[in-house]
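Asker: Note that the sequence shown covers residues 582 to 1017 in this note's numbering.
For each residue, glycine too, the CB sits at the ideal point set by N, CA and C.
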Amino acid sequence: MGPVELFLLTIAAIFVVGVIGEVIFEKTNVPDVIWLILVGVIVGPVLGWVDKQILNEVAPFFGALTLVIVLFDGGSRLNLSELIKVAPRSLSLALAGFLFSIVAVACFAEVARLFGLIPPSWTFLHGLMLGAIVGGASSVVIMPAMQKAGLPPALANIVNLESALTDVLCVVVTGALIEILLSGALEFQMAATTLGKSFGLGLALGAIAGLMWLVLHKLWKGAPHEYPLTLGGLMVLYVVIDKSGGSAALGILTAAVIIGNAVPLSRSLKLEGGEPLNPQLQHFHGVITFMVKSFFFTFIGLMLYPPWSLILFGGLLGIGLLLSRIPAVWLATAKSGMGRTERSLITVMMPRGMAAGVLAILPFQKGVSDSEFLPVVVFSCVVTTLLLFAGGFPVYKNRLVELVRSPALSADDNVASVVAGSGTDSDDPTPPQEPL
């Protein structure tokens, strides 16, 4: 079989597995991305059909495109009114989870350095960078899971918003730490200046681009190529912000949030022409996101080549992330009225995904020394967290459904009113507790 035929069959297999994976997910709650990673492992490390050197060469280009699409997808889905309602609880959960994760990974990296698993030139700041890369749950995995699981809206919104916020935290903090490492600005004042410039430029240019879209959108409203024009504009914005020394990720996200909330923002700012994203654009973007997701998680499997020590290190990192999330969840949900099962469910909602995978490529692309091994470690960590999520999520989801339906069990587990009053069929006679 020639290379062209092999290429076409591989692409077809990826799409078919992606669709079948979504069907399996609806039936079993096992994430569809696990099957895509498995295809990548078979095609790459097992059968050797794809050369690792070629993957290393295309990774930076693929990573940048994926980052733009993922941030636009996540940002445009953020509803500002819902965000305000659950923001305090979600923000505390996002910050606690991210900080606990980043510190735990940095400490783990120090131990790994002592055992020779990572280069001796690595500093604690490098460890913090690794922690920032894998510090947040994947909205690409969590949001579909919560949507199809039929869980209470209040609980689902908290976890959904947390995953969206941590995606942002990972991208922005990783970018800032890379800039600090490259500039050598290890003093607090220099680091703060670097961060301020990166955040400020990204936020300002992203806001300007988003507002320009609100004003000018009427010029191409209903055009057959509205989506390519919007996506192309975001790519230009990425380049402009990146070359200006700002956080391109924060800029893309800011513009995406403004575009996704065009109607209420136009009304508040008294702008004419504020229109929501039309259904055709959203549908086409969903197709593009599916294709990018399918390719990217297959790419993760393709990159899982030995050395086994790095794969083991990444696997242990994934377990460490789960352990570090336990105190973070209990701290963030204190005095919320949540029961043990709800907290356990939130704890296992920690799969890493596309954001971590894209960021794993970024340090080497930007020129951070001794970072070429990071993709294998991060991809192994991503796979481990996905497996932990696949094992824990169905168990605690079913347990939560049983608690809602059984008054006796609900009383024993102290299920919060966020569950009992969510529109689920519950016979619990106990009075509702204080809402979140």
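Going along the chain, which unbroken runs of the alpha helix (DSSP H) with 4 or more residues stay wholly within the region 908-967?
Answerer: List check, alpha helix (DSSP H) in window: 921-929, 935-947.
Asker: Can you tell me which of the three DSSP states residue 592 falls into?
Answerer: In the sequence shown, residue 592 corresponds to position 11, counting from 1. Three-state result, residue 592: helix.
Asker: Compare the beta carbon distance of residue 738 and residue 723 with 9 Å and say whether it is the shorter of the two.
Answerer: Start at 1 with the first residue of the sequence shown, and residue 738 comes out as number 157. Start at 1 with the first residue of the sequence shown, and residue 723 comes out as number 142. Not a contact, by the Cβ cut-off of 9 Å.
Asker: Between 824, 893, 792, which has its C-alpha nearest residue 852's C-alpha?
Answerer: Numbered from 1 along the sequence shown, position 271 holds the residue referred to as residue 852. Out of 824, 893, 792, 792 has the C-alpha closest to the C-alpha of residue 852.
Asker: Using alpha carbons as the reference points, say which of 980, 963, 982, 931 lies closest to residue 745.
Answerer: Walking along the sequence shown from the start, residue 745 turns up at place 164. For residue 745, the nearest C-alpha among the options comes from 931.
Asker: Taking the alpha helix (DSSP H) that residue 844 belongs to, which residues open and close that run?
Answerer: Translated into the one-based positions of the sequence shown, residue 844 becomes position 263. 843-850 is the extent of the alpha helix (DSSP H) around residue 844.
Asker: To the nearest angstrom, how far is the alpha carbon of residue 959 from that of residue 618?
Answerer: Residue mapping note: residue 959 aligns to position 378 of the sequence shown, counting from 1. Residue mapping note: residue 618 aligns to position 37 of the sequence shown, counting from 1. One C-alpha to the other measures close to 13 Å.
Asker: Measuring only the C-alpha atoms, how far is residue 982 from residue 702?
Answerer: For this step, residue 982 is matched to residue 401 along the sequence shown. For this step, residue 702 is matched to residue 121 along the sequence shown. Using only the alpha carbons, I get a separation of about 50 Å.
Asker: Using CA coordinates, which residue listed in 716, 815, 926 is at the minimum distance from residue 683?
Answerer: Numbered from 1 along the sequence shown, position 102 holds the residue referred to as residue 683. Among 716, 815, 926, the Cα nearest to that of residue 683 belongs to 716.
Asker: So, are the CB atoms of residue 874 and residue 599 less than 9 Å apart?
Answerer: Within the sequence shown, residue 874 is the residue found at index 293, counting from 1. Within the sequence shown, residue 599 is the residue found at index 18, counting from 1. Yes, the Cβ-Cβ distance between residue 874 and residue 599 is below 9 Å.
Asker: Reducing DSSP to helix, strand and coil, say where residue 576 ends up.
Answerer: Only positions 582 to 1017 of the chain appear in the structure, and residue 576 is not among them; the question remains open.
Asker: Curious, which full-length alpha helix (DSSP H) runs of at least 4 residues does the region 652-703 contain?
Answerer: Counting whole runs of 4 or more residues, the region 652-703 contains the alpha helix (DSSP H) stretches 661-695.
Asker: Of all the options 787, 708, 730, 704, which has the alpha carbon lying nearest to the alpha carbon of residue 653?
Answerer: Here residue 653 refers to the residue found at position 72 when the sequence shown is read from its first residue. Of the listed residues, the one whose Cα sits closest to residue 653 is 787.
Asker: For the candidate residues 646, 757, 595, whose alpha-carbon lies nearest to that of residue 774?
Answerer: On the sequence shown, residue 774 is found 193 positions in, with the first residue counted as 1. Cα-wise, what sits closest to residue 774 is 757.
Asker: Measuring CB atoms only, is the region 892-899 touching the region 948-967, in the sense that at least three cross pairs come out at less than 8 Å?
Answerer: Result yes; three or more Cβ-Cβ pairs closer than 8 Å.
Asker: Measuring only the C-alpha atoms, how far is residue 661 from residue 693?
Answerer: Residue mapping note: residue 661 aligns to position 80 of the sequence shown, counting from 1. Residue mapping note: residue 693 aligns to position 112 of the sequence shown, counting from 1. Rounded to whole angstroms, residue 661 to residue 693 spans 42 Å at the Cα level.
Asker: Assuming residue 644 and residue 846 make a contact with CB atoms under 8 Å, what is their CB distance in whole Å?
Answerer: For this step, residue 644 is matched to residue 63 along the sequence shown. For this step, residue 846 is matched to residue 265 along the sequence shown. Contact flag wrong, Cβ pair sits at about 30 Å.
Asker: For residue 997, which of helix, strand or coil comes out of DSSP?
Answerer: As a first step, residue 997 must be located in the sequence shown, where it is residue number 416. Below a pLDDT of 50, predicted positions are generally treated as unreliable, and residue 997, at 47, falls in that range; the measurement from the model is reported next regardless. Note: residue 997 maps to coil in three-state DSSP.
Asker: By how many angstroms is the C-alpha of residue 780 removed from the C-alpha of residue 945?
Answerer: If you number the sequence shown from 1, residue 945 lands on position 364. If you number the sequence shown from 1, residue 780 lands on position 199. Rounded to whole angstroms, residue 945 to residue 780 spans 22 Å at the Cα level.
Asker: Compute the beta-carbon to beta-carbon distance between residue 632 and residue 936, rounded to the nearest angstrom, for a pair I have assumed lies under 8 Å.
Answerer: By one-based count along the sequence shown, residue 632 stands at place 51. By one-based count along the sequence shown, residue 936 stands at place 355. That belief does not hold up - the Cβ atoms of residue 632 and residue 936 are roughly 26 Å apart, past 8 Å.
Asker: Look up residue 806 in the DSSP assignment and say whether it is helix, strand or coil.
Answerer: As a first step, residue 806 must be located in the sequence shown, where it is residue number 225. It is coil, neither helix nor strand.
Asker: Buried or exposed: residue 827, going by 16 or more other Cβ atoms within 10 Å of its Cβ?
Answerer: Start at 1 with the first residue of the sequence shown, and residue 827 comes out as number 246. The residue is buried, with at least 16 neighbouring Cβ atoms inside 10 Å.
Asker: So, helix, strand or coil for residue 828, using DSSP?
Answerer: The count along the sequence shown starts at 1 and reaches residue 828 at position 247. In the structure shown, residue 828 sits in coil (DSSP, three-state: anything other than H, G, I, E or B).
Asker: Determine the contact status of residue 657 and residue 830, defining contact as a CB-CB distance below 9 Å.
Answerer: Position 76 of the sequence shown, counting from 1, holds the residue named residue 657. Position 249 of the sequence shown, counting from 1, holds the residue named residue 830. For residue 657 and residue 830, no; Cβs fall outside 9 Å.
Asker: Go ahead and pull the three-state DSSP assignment for residue 632.
Answerer: Counting from one through the sequence shown, the residue named residue 632 turns up at place 51. Reduced to three states, the DSSP call for residue 632 is coil.
Asker: Report yes if the CB atom of residue 941 is closer than 9 Å to the CB atom of residue 673, and no otherwise.
Answerer: Walking along the sequence shown from the start, residue 941 turns up at place 360. Walking along the sequence shown from the start, residue 673 turns up at place 92. No, they are not a contact pair.
Asker: Select from 915, 735, 891 the residue whose C-alpha is nearest the C-alpha of residue 666.
Answerer: By one-based count along the sequence shown, residue 666 stands at place 85. Of the listed residues, the one whose Cα sits closest to residue 666 is 735.
Asker: Please classify residue 1011: does DSSP put it in a helix, a strand, or coil?
Answerer: Position 430 of the sequence shown, counted from the first residue, corresponds to residue 1011. Confidence at residue 1011 is low in this model, with a pLDDT of 39, below 50, so its placement is unreliable and the value that follows should be read with caution. Three-state DSSP puts residue 1011 in coil, outside helix and strand.
Asker: Would you decide whether residue 948 is buried or exposed? Buried here means 16 or more other CB atoms lie within 10 Å of its CB.
Answerer: One-based indexing of the sequence shown puts residue 948 at position 367. Residue 948 is exposed by the Cβ-count criterion.
Asker: Beta-carbon separation of residue 974 and residue 926 under 9 Å?
Answerer: Counted from its first residue, the sequence shown places residue 974 at position 393. Counted from its first residue, the sequence shown places residue 926 at position 345. Yes, these two residues count as a Cβ contact at 9 Å.
Asker: Check whether the Cβ atoms of residue 961 and residue 893 sit closer than 9 Å, and answer yes or no.
Answerer: Taking the sequence shown and counting its residues from 1, one reaches residue 961 at position 380. Taking the sequence shown and counting its residues from 1, one reaches residue 893 at position 312. Yes, they are a contact pair.
Asker: If you follow the alpha helix (DSSP H) that residue 621 is in, where does it begin and where does it stop?
Answerer: Within the sequence shown, the letter at position 40 stands for residue 621. First-last of the alpha helix (DSSP H) with residue 621: 614-622.
Asker: Which value, in whole angstroms, describes the spacing of the CA atoms of residue 954 and residue 889?
Answerer: Indexing the sequence shown from 1 puts residue 954 at position 373. Indexing the sequence shown from 1 puts residue 889 at position 308. Cα to Cα, the separation comes out at about 12 Å.
Asker: What do you reckon, are the CB atoms on residue 811 and residue 839 nearer than 9 Å?
Answerer: In the sequence shown, counting from the first residue as 1, residue 811 sits at position 230. In the sequence shown, counting from the first residue as 1, residue 839 sits at position 258. Not closer than 9 Å, so no.
Asker: If we call anything under 9 Å between Cβ atoms a contact, is residue 878 one with residue 972?
Answerer: Counting from one through the sequence shown, the residue named residue 878 turns up at place 297. Counting from one through the sequence shown, the residue named residue 972 turns up at place 391. Going by C-beta atoms, residue 878 is not nearer than 9 Å to residue 972.
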